[in-house]
């Protein structure tokens with residue numbers, strides 16, 4: 001049978017004066033009451049009614065424990081109710097500041113989360129977040145994964161963007177480092193890009209977030225936008241604040257541009273190509289691919305006709321430029337191996353036609369003494385390309 005308590009019953013019935021009279025007279029809510037299954041103190045009723053004197057009386061008689069270190073969890077405690085239900089008017093926030101001032105060890109973590117972190121995690125009103133910080137809650141706390149509070153806010157999936165941005169403004173405004181990464185050096189900006197949170201980017205970038213900062217694997221916010229997300233919108237926002245560093249390499253030896261080209265598999269991704277070339281990407285830049293070095297030009301030769309057409313349209317490709325093997329882009333297109341695929345064979349034909357129209361010299365000889373015609377002749381399925389070359393005086 002549940003044991004009743006006169007103070008609790010008075011609060012739940014809305015008779016706060018009776019409850020205060022009992023508490024002032026020294027009445028307490030015994031441990032026998034609070035230890036009952038599914039029992040919870042009526043914090044919500046007290047806070048919603050702004051009967052803050054009752055909270056002070058509970059602090060005085062130790063019904064409310066003021067040492068954060070002694071708690072096993074923030075759930076189902078006074079802190080949980082404050083975070084979820086505390087009013088944000090000036091008078092209430094003034095009281096809350098006084099209340100927090102009575103707490104000990106407010107920066108101690110419980111289950112790898114601090115009081116401030118718990119408030120952010122559970123979408124507390126921004127006024128409460130500010131109050132906690134002003135009362136001494138440490139914004140520089142990092143959890144076991146070395147994630148900052150800013151990182152956690154940016155990474156939270158279900159938080160309303162408006163609230164997340166308000167939190168971010170508070171944390172950044174109070175001096176939290178926007179470029180501080182976690183244990184694998186992943187920064188808040190990288191997380192925002194990976195989670196496609198476009199609305200977060202401007203605030204981070206305006207406050208010094210570096211899109212060229214590298215994580216443990218050498219990835220950057222730019223590479224996540226370009227290589228992982230293939231997003232023009234993400235790239236454009238980053239590029240409005242900084243130019244991509246095309247000389248950076250990741251742990252695999254890839255640059256931003258070579259990684260992008262190697263992953264370019266469909267035409268919906270090619271909108272980034274002219275932007276990268278215009279930003280200074282070097283089509284001749286090489287990166288390891290299995291046991292050899294492969295250039296952007298090598299990759300481009302293997303891509304679709306539409307991709308090559310866009311690249312040529314930028315004016316950044318020197319059609320007759322020879323690489324260290326003496327090969328031009330036409331050599332590379334003609335050499336591409338076709339395994340009984342008429343569709344690819346037709347694509348090669350169209351690419352060769354495009355290059356010839358752009359002024360490609362069909363008779364350039366490579367360091368291996370090979371011409372484009374010789375390379376195209378290595379497979380009967382490319383016969384139409386051979387005929388096209390010969391009709392343009394190829395030898």
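In the UniProt record's numbering, the protein residues as written are 1 to 395.
We treat Cβ as the ideally placed atom computed from N, Cα and C, and that holds for glycine.
Taking 8 Å as the upper bound for CB-CB distance, residue 353 and residue 300 are not in contact here, some 16 Å apart. Taking C-beta separations shorter than 8 Å and ignoring five residues to either side along the sequence, the partners of residue 169 in its chain run 203, following chain order. Distance from the CA atom of residue 280 to the CA atom of residue 243, rounded to whole angstroms, is 9 Å.
Here residue 159 is buried, its C-beta having at least 16 other C-beta atoms within 10 Å. Within the model, the alpha-carbon separation for residue 384 versus residue 355 is close to 15 Å. Counting only the Cα atoms, residue 373 lies some 16 Å from residue 357. Looking at the DSSP output, residue 287 sits in a beta bridge with 294. Taking residue 297 as the centre and dropping the five residues before and after it, the same chain places the C-beta of 283, 284, 323, 329, 332 closer than 7 Å to its C-beta, in chain order.
Fully enclosed alpha helix (DSSP H) runs of no fewer than 4 residues occupy 188-194 of the stretch 178-203, in order along the chain. Look at residue 142 here: in three-state DSSP terms it is strand. Annotation for residue 88: no alpha helix (DSSP H) segment contains it, and DSSP assigns it neither H nor E. Residue 314 sits close to residue 274, with the two beta carbons spaced by under 8 Å.
With a minimum length of 4 residues, the unbroken runs of alpha helix (DSSP H) contained wholly in the stretch 123-175 fall at 126-134, 149-155, 161-173. In the same chain as residue 187, and ignoring 5 residues on each side of it, the C-beta atoms closer than 6 Å to its own belong to 179, 181, 213, in chain order. Of the candidates 55, 20, 108, 68, the residue whose Cα lies closest to the Cα of residue 96 is 55. Excluding the 5 residues flanking it on each side, residue 260 has same chain C-beta neighbours closer than 7 Å at 226, 227, 272, 276, in chain order. Here DSSP, grouped into helix, strand and coil, assigns residue 67 to strand.
Between residue 127 and residue 106 the beta-carbon gap is near 17 Å, outside 8 Å, which marks them as no contact. Of the residues 191, 148, 185, the one whose Cα lies closest to the Cα of residue 171 is 148. When DSSP states are grouped into helix, strand and coil, residue 245 belongs to the coil group. Boundaries of the alpha helix (DSSP H) around residue 56: 52-60. Here the C-alpha atom of residue 150 lies approximately 8 Å from the C-alpha atom of residue 176. In the displayed model, residue 112 falls within coil according to three-state DSSP, outside both helix and strand. Residue 104 sits in a strand when the DSSP states are folded into three classes. At the C-beta level, residue 193 and residue 224 come within 8 Å of one another. Ranked by Cα distance from residue 140, the first of 161, 125, 154, 117 is 117. Collapsing the DSSP output to three states places residue 225 in a helix. For a cut-off of 8 Å, the C-beta gap from residue 69 to residue 108 is around 5 Å, short enough to register as a contact. For residue 344, the closest C-alpha among the options 23, 303, 19 is that of 303.
If you draw a straight line from the Cα of residue 247 to the Cα of residue 210, it is about 16 Å long. If the five residues before and after residue 161 are omitted, its C-beta is found closer than 6 Å to the C-beta atoms of 199, all from its own chain and listed in chain order. Counting every other CB atom within 10 Å of its CB across the protein chains shown gives residue 81 a total of 16 or more, marking it as buried.
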